[in-house]
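Residue numbers (the working numbering), protein chains in the order written: chain A, 1 to 477; chain B, 1001 to 1477.
Here is the structure we will look at, set down as structure tokens.
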């Protein structure tokens, strides 16, 4: 059976960013805590006319153009996202539609006419699921090609503990036979448990209650009956659509940071075990690089530390660590803190993890796109530093809140350099425009009316407001 | 390579329904128009403590219990829905979590610990996508088992043209090697085009505008500045969360019925073509049954009529139809209307389509579950009427607005009767409780406070309202 994996990569990151140093100053957080503790430097901010569909469209278009792909050869475009722009029509179709239009000149009408398109949703692991399924599909046929897009927008409440881990963007990968960059093995480890560590619920409000709270604040005293009449007659479909309840959607999630870290740790440990049951693996020796889902840049190196200790035991290397740290003693926690700062662990991080973190430091959390961006960060960093990757094994450790981990592996192919040479990741991140915290807050709160920049990329042109039959439909150009 | 397909089926439909005759009377629509024109008899209505996750959980639990499946053997639970209860945490995990708890007594803790779970969204075709991928996954391994769940809630505005096509419920199928009911061929026809025929957008409202419209109706005259202050200080997080805009989610879609029919027709024609390019097929002769996505019971027989005319041409049978109808003449539309009522077409519908429609007449639109329910309706009807199915070919014609069609086929296996004997579809639909239009409207508008029935099945127990870290989390029991 032929090899299947990643033949080409592309990305899109919004052109605006906030320097973490400025945000930290405004929020009264020591910048060094964010920089050295979490690895945060810059935070990508979408302009007001950007969303998960426009990110995806830009990544898709770049992948096709930069790699001179004939779009009619693409049998699938599968999108992973937890920032879907619609509850029914897949975000993938919005992206596909505008890209298909742009390709008309070169490839004719309806280049994606027979292309299978769908959205997959599982918090930050949905795009890994999309890729997993596309790999199986490519393997099941002859010369099939699929594009997987991971596109997301990480938005937290202003002044919340999540605020400095925001980010946005998309990564697209071409999955094919005999790939030039990476081929995947057939083993997938899975760890699943239904928990509420992080989610985006609908929030229900009773309209009468909403009216009461507003009228009270205005100093108006009315009976509940009078208020009910006002609600049903107020000239806005928000009020008068006949429903007693309104369901509010917010991009900002409900989450419990510490608990979510624990879930992440538990699930990846279960998924590693499940992987190992299927294909016995010496994770310490067999995997030359580790690529993680990164809610923040240094999350992977933090979360894998306890597994690393287990791996040392399994490889009879614990004595090397103990020689550096001294014995564990009565207080294991203190020793673990020391061990996590040991030269031995630092070297492990530097050799196997750090190159994958670099892009995250400059972008922030890309949710389901972040593990794909970590892989791009790794290969692009190695390309720049002329570190040879061919034949090396990469372990992937994905996590989605809610919760599921997927663990899988791939081997770098000989053609990686040529394909990666086309993806000017760090160069393009350098070309972004800085915005200040005031402007960022205006965008965040929905007060900013005009797009900050005139973009040459695909953006949201308008949302239909007039035609009742298509009210709410998003149009991109 | 071994056969892969459907080994077992289960379903869940809410226990409440409204008779179409009553709704028609209240809406001043001739009942016969709905009954004879669209095939509508009853409309399933979810109780107030039911949603797409609880439907899915009930279907999943029934599938496992009725077929004595060891849940630890299930490698995947893939859910298709366009009624997701959360923007990030998959609806599948909510279902899995509560079912896993229920199975603890028999199978121990964490029966789904290594089970791969995810949601797929593409309007009414998402669960077909889920199944397509699970078939590939089962084929790629040894003795793998996957469960695919289609779960949805079709809700339209009161008094709208979509109101009488509402419905709800879930179907679950077990996908395995050497299936007892149906094995799928490897050919999948796809037709895709990004359109806005039906979708569930976020609806943006400016809070100040909302306040203005309400205060105006209350006779209060305030400056915009005063209103802004009131909005930011009103004691509800709806008003005072700092965002200028609020994004409202509604189950009720935005749609254009006629246009959507056209999209459905165009896409299935493209998908049939694509199927035929890969595996030349005489659709008229090779497919003994046709199973459709059914927005209403008679939609399939209506939409396929023009394709049927083409198929007659291809099979040199047009003269048989013309012998019945007389020549086409100048007015093709009039002739087509007559031809659609011809004995020849009636026979085609009766032989190949009608048994698949029966459940839809009694339930209504189940969105992504409707094509699965149509298949169940077909096999259960044949079981009851002792029509032998073994060895017969079934063509599946799926459609999701937005828009994509998938066309695929399967052959009935010898074990179908035994497996289908366990699914008491029509018997259980008979056991439901009728509700009147008043009560239905109360449920629809969110006014009904108490659940109508005391359910013995899995329902939504509560939505967390106190704990800030899990506010909005849904709990089922």
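C-beta atoms are modelled at their ideal positions from N, C-alpha and C, and glycine is treated no differently.
Which of helix, strand or coil DSSP assigns to residue 40 (chain A): As a working mapping, residue 40 (chain A) is identified with position 40 in the first chain. Here residue 40 (chain A) sits in coil by DSSP.
Distance between residue 415 (chain A) and residue 388 (chain A) (C-alpha atoms, nearest Å): Here the question's residue 388 (chain A) lines up with position 388 in the first chain. Here the question's residue 415 (chain A) lines up with position 415 in the first chain. Distance between the alpha carbons of residue 388 (chain A) and residue 415 (chain A): 11 Å.
Residue 108 (chain A) at chain B interface by Cβ criterion, 8 Å: Position 108 of the first chain, counted from the first residue, corresponds to residue 108 (chain A). The Cβ of residue 108 (chain A) sits no closer than 8 Å to any Cβ of chain B.
Cutoff 8 Å: residue 1193 (chain B) Cβ touching any chain A Cβ: The count along the second chain starts at 1 and reaches residue 1193 (chain B) at position 193. Cβ-Cβ to chain A under 8 Å: yes for residue 1193 (chain B).
Listed by chain order, chain A residues near residue 1455 (chain B) by CB distance under 9 Å: Here residue 1455 (chain B) refers to the residue found at position 455 when the second chain is read from its first residue. The premise fails here: residue 1455 (chain B) is roughly 21 Å from chain A at the closest Cβ pair, so nothing lies under 9 Å.
Interface flag, residue 1084 (chain B) vs chain A, CB-CB below 8 Å: Numbered from 1 along the second chain, position 84 holds the residue referred to as residue 1084 (chain B). Chain A contact via Cβ: present.
Closer than 8 Å at the beta carbon, the chain B residues around residue 160 (chain A): Here residue 160 (chain A) corresponds to residue number 160 of the first chain, with the count starting at 1. Within chain B, no residue comes near residue 160 (chain A); the closest Cβ sits about 11 Å away, beyond 8 Å.
8 Å Cβ cutoff met for residue 1398 (chain B) and residue 1357 (chain B): Here residue 1398 (chain B) is taken as the residue at index 398 of the second chain, counted from 1. Here residue 1357 (chain B) is taken as the residue at index 357 of the second chain, counted from 1. No; because the gap between Cβ atoms is not below 8 Å, this pair is not in contact.
Beta-ladder partner(s) of residue 1198 (chain B), from DSSP: Against the second chain, residue 1198 (chain B) aligns to sequence position 198. Note: residue 1198 (chain B) sits in a beta bridge opposite B:1255.
Residue 447 (chain A) burial status per 10 Å Cβ neighbour count (16 or more: buried): On the first chain, position 447 is the one that residue 447 (chain A) refers to. Exposed is the call here.
Chain A contact for residue 1287 (chain B) (CB, 8 Å cutoff): Translated into positions along the second chain, residue 1287 (chain B) becomes position 287. It does not: the Cβ of residue 1287 (chain B) has no partner Cβ on chain A nearer than 8 Å.
Amino acids of chain E, ordered along the chain, whose beta-carbon sits closer than 8 Å to that of residue 1304 (chain B): The structure shown contains no chain E; the protein chains it does contain are A and B.
Where residue 263 (chain A) meets chain B, residues with beta-carbon distance less than 7 Å: Taking the first residue of the first chain as 1, we reach residue 263 (chain A) at position 263. Those do not exist, as residue 263 (chain A) stays about 12 Å from chain B at its closest Cβ, beyond 7 Å.
Per DSSP, the bridge partner or partners of residue 311 (chain A): Mapped onto the first chain, residue 311 (chain A) falls at position 311. Looking at the DSSP output, residue 311 (chain A) bridges to nothing.
Own chain partners of residue 1156 (chain B) with C-beta closer than 8 Å, once the 5 adjacent residues on each side are dropped: To locate residue 1156 (chain B), count along the second chain from 1; it is residue 156. In the same chain as residue 1156 (chain B), and ignoring 5 residues on each side of it, the C-beta atoms closer than 8 Å to its own belong to 1162, 1163, 1165, 1166, 1252, 1253, in chain order.
Residue closest to residue 42 (chain A), alpha-carbon to alpha-carbon, out of A:54, A:21, A:53: Reading the first chain from its first residue, position 42 is the one you call residue 42 (chain A). Looking at the Cα atoms, A:21 is the closest of the given residues.
Among B:1255, B:1371, B:1350, B:1099, nearest to residue 1129 (chain B) - alpha-carbon criterion: Within the second chain, residue 1129 (chain B) is the residue found at index 129, counting from 1. For the options B:1255, B:1371, B:1350, B:1099, the alpha carbon positioned closest to that of residue 1129 (chain B) is the one of B:1371.
Cβ pair residue 366 (chain A), residue 176 (chain A) closer than 8 Å: Residue numbering aside, residue 366 (chain A) sits at position 366 when the first chain is read from its first letter. Residue numbering aside, residue 176 (chain A) sits at position 176 when the first chain is read from its first letter. No, these two residues do not count as a Cβ contact at 8 Å.
Short CB-CB distance (under 8 Å) between residue 274 (chain A) and chain B: On the first chain, residue 274 (chain A) is found 274 positions in, with the first residue counted as 1. Contact with chain B is found for residue 274 (chain A), since one of that chain's Cβ atoms lies less than 8 Å from the residue's Cβ.
C-beta neighbour in chain B for residue 470 (chain A), strict 8 Å: If you number the first chain from 1, residue 470 (chain A) lands on position 470. Closer than 8 Å: yes.
Cβ neighbours of residue 1098 (chain B) in the same chain (closer than 7 Å, five flanking residues each side left out): In the second chain, residue 1098 (chain B) corresponds to position 98, counting from 1. The answer, listed in chain order, is 1057, 1458, 1476, 1477.
beta-carbon residue 31 (chain A) near the ligand PLP non-hydrogen atom, thresh 7 Å: With respect to the ligand PLP, the structure shown offers nothing to examine, as it has no ligands at all.
Boundaries (first-last residue) of the beta strand (DSSP E) holding residue 1389 (chain B): Here the question's residue 1389 (chain B) lines up with position 389 in the second chain. Looking at the DSSP string, residue 1389 (chain B) is not in any beta strand (DSSP E), and its letter there is neither H nor E.
Alpha helix (DSSP H) runs contained entirely in the region 336 to 385 of chain A, provided each spans 4 or more residues: Within the region 336 to 385 of chain A, the runs of alpha helix (DSSP H) that reach at least 4 residues and sit entirely inside it are, in chain order, 343 to 352, 354 to 363, 370 to 384.
Status (buried if at least 16 other CB within 10 Å, exposed otherwise) for residue 1280 (chain B): Numbered from 1 along the second chain, position 280 holds the residue referred to as residue 1280 (chain B). Exposed, because fewer than 16 other Cβ atoms sit within 10 Å of the Cβ of residue 1280 (chain B).
Beta-carbon contacts of residue 1308 (chain B) that lie in its chain and below 8 Å, excluding the five residues immediately before and after: What you label residue 1308 (chain B) is simply residue 308 of the second chain in a count that begins at 1. The residues 1284, 1345, 1348, in chain order, have a CB closer than 8 Å to that of residue 1308 (chain B) in the same chain once the five nearest residues on each side in sequence are set aside.
Neighbour flag for residue 1018 (chain B) against chain A, beta carbons, 8 Å: If you number the second chain from 1, residue 1018 (chain B) lands on position 18. Judged by the 8 Å Cβ criterion, residue 1018 (chain B) is not in contact with chain A.
Per-residue DSSP class, three states only, for residue 1115 (chain B): The residue given as residue 1115 (chain B) occupies position 115 in the second chain. DSSP places residue 1115 (chain B) in the coil class of the three-state scheme, outside both helix and strand.
Beta bridge counterpart(s) of residue 1508 (chain B) as assigned by DSSP: In the structure displayed, chain B extends from 1001 to 1477; residue 1508 (chain B) sits before or after that span and is not available.
Residue 1170 (chain B) - DSSP class collapsed to helix/strand/coil: The residue you call residue 1170 (chain B) lines up with position 170 of the second chain. In the structure shown, residue 1170 (chain B) sits in a strand (DSSP, three-state: E or B).
Nearest to residue 3 (chain A) (by Cα), restricted to the options A:246, A:441, A:145, A:44: As a working note, residue 3 (chain A) is residue 3 in the first chain. The option with the nearest alpha carbon to residue 3 (chain A) is A:145.
Three-state secondary structure (DSSP) of residue 506 (chain A): The first residue shown for chain A is 1 and the last is 477, placing residue 506 (chain A) beyond what the model contains.
The region 1096 to 1112 of chain B / the region 92 to 106 of chain A touching (three or more Cβ pairs under 8 Å): The answer is no - the region 92 to 106 of chain A does not touch the region 1096 to 1112 of chain B, with fewer than three Cβ pairs under 8 Å.
Contacts of residue 1335 (chain B) in chain A (Cβ-Cβ under 9 Å): In the second chain, counting from the first residue as 1, residue 1335 (chain B) sits at position 335. The premise fails here: residue 1335 (chain B) is roughly 31 Å from chain A at the closest Cβ pair, so nothing lies under 9 Å.
Residue nearest to residue 1138 (chain B) in terms of C-alpha spacing, selected from B:1007, B:1203, B:1391: Residue 1138 (chain B) sits at position 138 when you count from the first residue of the second chain. Residue nearest to residue 1138 (chain B) within the set B:1007, B:1203, B:1391 is B:1007 (criterion: CA-CA distance).
Closer than 7 Å at the beta carbon, the chain A residues around residue 1147 (chain B): Walking along the second chain from the start, residue 1147 (chain B) turns up at place 147. The premise fails here: residue 1147 (chain B) is roughly 13 Å from chain A at the closest Cβ pair, so nothing lies under 7 Å.
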